[in-house]
Structure formats: structure tokens, C-alpha cells
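Working notes, beginning with the structure itself.
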Amino acid sequence: MKDFTVTFRGVRGSYPVAKKDFLEFGGNTSCVEVNVGGNLIILDAGTGLISLGDDLFKEYLSSGKNIYERKPIHAVILLSHIHQDHIQGFTFFKPTNIPSTKIHVFGSVNYGENLADELSKILFNKAFPLDLKDVAAKLDIHNAIETNCIVLKHNQELEIRRIEKESDLKPQGDEVVISYYKSYAHPQDGVMIYKIAYKDKTLVYATDKEGYIGGDKKLSNFARDCDLLIHDAQYTMDDYLNASSPKQGYGHSTCEMAIEAKKLANAKVLAMYHFDPTYDDEKLKLISRTYQNGDVFFAKEGLTIEL
Numbered sequence: 008m009k010d011f012t013v014t015f016r017g018v019r020g021s022y023p024v025a026k027k028d029f030l031e032f033g034g035n036t037s038c039v040e041v042n043v044g045g046n047l048i049i050l051d052a053g054t055g056l057i058s059l060g061d062d063l064f065k066e067y068l069s070s071g072k073n074i075y076e077r078k079p080i081h082a083v084i085l086l087s088h089i090h091q092d093h094i095q096g097f098t099f100f101k102p103t104n105i106p107s108t109k110i111h112v113f114g115s116v117n118y119g120e121n122l123a124d125e126l127s128k129i130l131f132n133k134a135f136p137l138d139l140k141d142v143a144a145k146l147d148i149h150n151a152i153e154t155n156c157i158v159l160k161h162n163q164e165l166e167i168r169r170i171e172k173e174s175d176l177k178p179q180g181d182e183v184v185i186s187y188y189k190s191y192a193h194p195q196d197g198v199m200i201y202k203i204a205y206k207d208k209t210l211v212y213a214t215d216k217e218g219y220i221g222g223d224k225k226l227s228n229f230a231r232d233c234d235l236l237i238h239d240a241q242y243t244m245d246d247y248l249n250a251s252s253p254k255q256g257y258g259h260s261t262c263e264m265a266i267e268a269k270k271l272a273n274a275k276v277l278a279m280y281h282f283d284p285t286y287d288d289e290k291l292k293l294i295s296r297t298y299q300n301g302d303v304f305f306a307k308e309g310l311t312i313e314l
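Just so we're aligned, residue 8 is where the sequence shown starts under my numbering, counting upward by one.
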């Protein structure tokens, strides 16, 4: 296993698509698997999470002869927000059926709300046969607070560290440091932007955000010099500005907005992500021929890259 690998498990936005002409890029909704420094970090829990869970479950079964010998599954799930296309896979994530599984879930909610309560209402309660409290795995669900960062070390407990100085955000030794902030460029309640830093490498995940005139300065500073920027690119400019059904204000970017974000942040590589569910393989291939080059690529389900 490499030190810092990224696998796209779901690259669609809005809703999943199951059609033969969507197989090359994939039809599952948002989920990115990150294996870094011996830790598993999952960005969003759309339907792409289900295949990841299947793979983890197989690895778990093959790791020992019985439940006492098998290697427990530990993961951190970072939710950009709790719209359906970013949480649809959570209840079908097989590792949650294993008592030894331990999962930390982070995400943001409005003032006075609690992420665990919101997930319970949206995903469980009357929407699923089980309640959140019936899940076998140990789930620690945290409200993401921007004055804190998450620190992970291989085979050690997670630490939530208060940010008091710039050096708190710089990994020491084998630390993985996750920082984040809330962007309000997506209705109704904003979206979390995440950065994963390990040694001298950084990944920034900025989905479900719309571009600004002149660029998003906060994102530019946050993502400065990152090795990989995964950025929302849901629409073509023609669809975004369509006279009969414009997409302005929907909280999603065009390819041009994503490229501008890369340039302003001086990101080394850009992954276009969160494609509109009406864009089939042929359309995405056509669009990619215009924008894809050595440091810009279109994410595909199942693609793994190394930082």
C-alpha cells in the first residue's frame, strides 16, 4: 500500500444513474476513498460508499478465521454536507454491521443543531428499518468546528486539536492533519471544504460549491500549492447560462470555474468532479477533450491515483 492514494468511488452529483452509457465515468454519487499514512479517510458517503464497504468487508473476512482474529475496520468519514447525494450510501455501508468497526464521522450543521440528530432523522428513523442507535459499529459523530483540526496517526486514536498557531496545521512525523472550513457557495446551509495533509503532500476536496466572479479567495488561500484539488465541475457553461433553465445559484461550478480555482490556488493537479447526472459518457468525453491535459483530468469511478 502506498503512503497516499486516492480512489474515486462515486463521481456523480444529484442522484445516481444506472444506464449502460454511464459506465465509463460511473453512475454512483459522491465518495472518494483516501488511504494515507495507514489511515482510511472517506470523503462523502454517496452511493459510491457501497462498493467501498463491500471491498472492506471482504478484506475483513479474509483477515482471520473468526471475529476475534479479524482485523477491525477503522475509518474517518468527512461529509461535505448532508444533501442526499452525499449520504445515500451510509446505511448500506457493510462495515457498520460489524461490532468491531469504529468510524468517526465529521460534518457541519446549523447553529443549535447536532449532526448525529440530523443523520438519524434523514437516514434512519422512518427512512430505514434500523435506528441510528441500532447500528452495530461504534460510531462517533462529531460536529465539525472550524477552530479545530483532526489529527491521525497510524494505529493510534484520533485527536481533535484546537488550532492556536499555524504549526498546528503542519503534520509532524507520520501525522495526518485534516483541516476544514465552511463555504456558503452552496444552498441552503453551505458546504465543508476539506484539506488532508501528510508529510509534504496535500489534497483539497471542494465539491458542491459555485464559483465567484474574480475567484474564491478563501478557497485559493486554503488550497494554496496543494498537490491535488478535487473540485466541483457539474455543468458546462452553456448549461450554466441556459436562457430557459439557467443553473446560476444552484451551488455548482462549471469546468471553467474549476480551472480558475486551480490557477488561483496554484494547485498542481485538478480533478473535475461531481458531474451532472444527465451527462453520459459521450458528453463527458467530449467535454474532457476541451479541458483535460497533463494537470487536469476528469474523475472516473474506480480510478486510483497516488500523490
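Beta carbons are placed, not taken as given, at the ideal position from N, Cα and C, and that holds for glycine. Here the structure is a predicted model, which is why all the values come from computation and not from measurement.
Excluding sequence positions up to five before and after Ala-192, its CB lies within less than 6 Å of the CB of Lys-216 and Glu-217, all in the same chain and listed in chain order. Excluding five sequence positions before and after Tyr-247, the CB atoms of its chain that fall closer than 6 Å to its own CB belong to Lys-254 and Thr-261, given in chain order. Under DSSP, Cys-38 takes part in a beta bridge, and its partners are Gly-17. C-alpha of Asn-162 to C-alpha of Gly-44: approximately 10 Å in a straight line. DSSP places Ile-80 outside any beta strand (DSSP E), giving it a letter other than H or E. Judged by DSSP in its simplified three-state form, Leu-314 adopts coil rather than helix or strand.
The beta-carbon separation of Ile-200 and Leu-226, rounded to 6 Å, stays under the 8 Å limit for a contact. In the assembly as shown, Arg-16 is a buried residue. Its beta-carbon has 16 or more other beta-carbons within 10 Å. Here Ser-70 carries a coil assignment [DSSP, helix/strand/coil]. When the Cα atoms are used, Val-41 and Asn-228 turn out to be separated by approximately 23 Å.
Judged by DSSP secondary structure, Lys-189 falls outside any alpha helix (DSSP H) and instead within the beta strand (DSSP E) spanning 183 to 190. For Ala-25, no beta strand (DSSP E) segment is defined, and its DSSP state is neither H nor E.
For Gln-95, the number of other beta carbons within 10 angstroms of its own is at least 16, and it is reported as buried. Bridge pairing for Tyr-205: Val-183 and Lys-208 [DSSP]. The three-state reading of DSSP puts His-281 in coil, since its state is none of H, G, I, E or B. In this structure, the beta-carbon distance from Lys-208 to Asp-181 does not fall below 7 Å. Collapsing the DSSP output to three states places Phe-131 in coil.
Fewer than three Cβ pairs drawn from the stretch 231 to 250 and the stretch 125 to 142 lie within less than 8 Å of each other, which leaves the two stretches out of contact. Excluding its 5 nearest sequence neighbours in each direction, Leu-122 has C-beta neighbours in its own chain below 6 Å: Gly-114, Val-116, Ile-148 and Asn-150, listed in chain order. When the Cα atoms are used, Lys-206 and Val-183 turn out to be separated by approximately 8 Å. Residue pairing for Thr-12: DSSP places it in a beta bridge opposite Asn-42 and Glu-313.
Assignment of Phe-99 by DSSP, reduced to helix, strand and coil, places it in the helix class. Judged by DSSP secondary structure, Phe-32 falls outside any beta strand (DSSP E); it is assigned neither H nor E. In the structure shown, Thr-261 adopts extended strand secondary structure according to DSSP, grouped into three states.
Burial state of Asn-35 is buried, judged by a 10 Å Cβ sphere holding 16 or more other Cβ atoms.
For Asp-288, the enclosing alpha helix (DSSP H) stretches over residues 288 to 298. Taking C-alpha positions only, Gly-222 is separated from Ala-274 by approximately 14 Å. Closest by C-alpha distance to His-90, out of Asp-138, Ile-294, Thr-54 and Ile-312, is Thr-54. Take Lys-9, set aside five residues on each side of it, and the residues of its chain with a beta-carbon closer than 7 Å to its own are Glu-313, in chain order. Annotated as distal: Ala-265 and Ala-230, with beta-carbon spacing of 7 Å or more.
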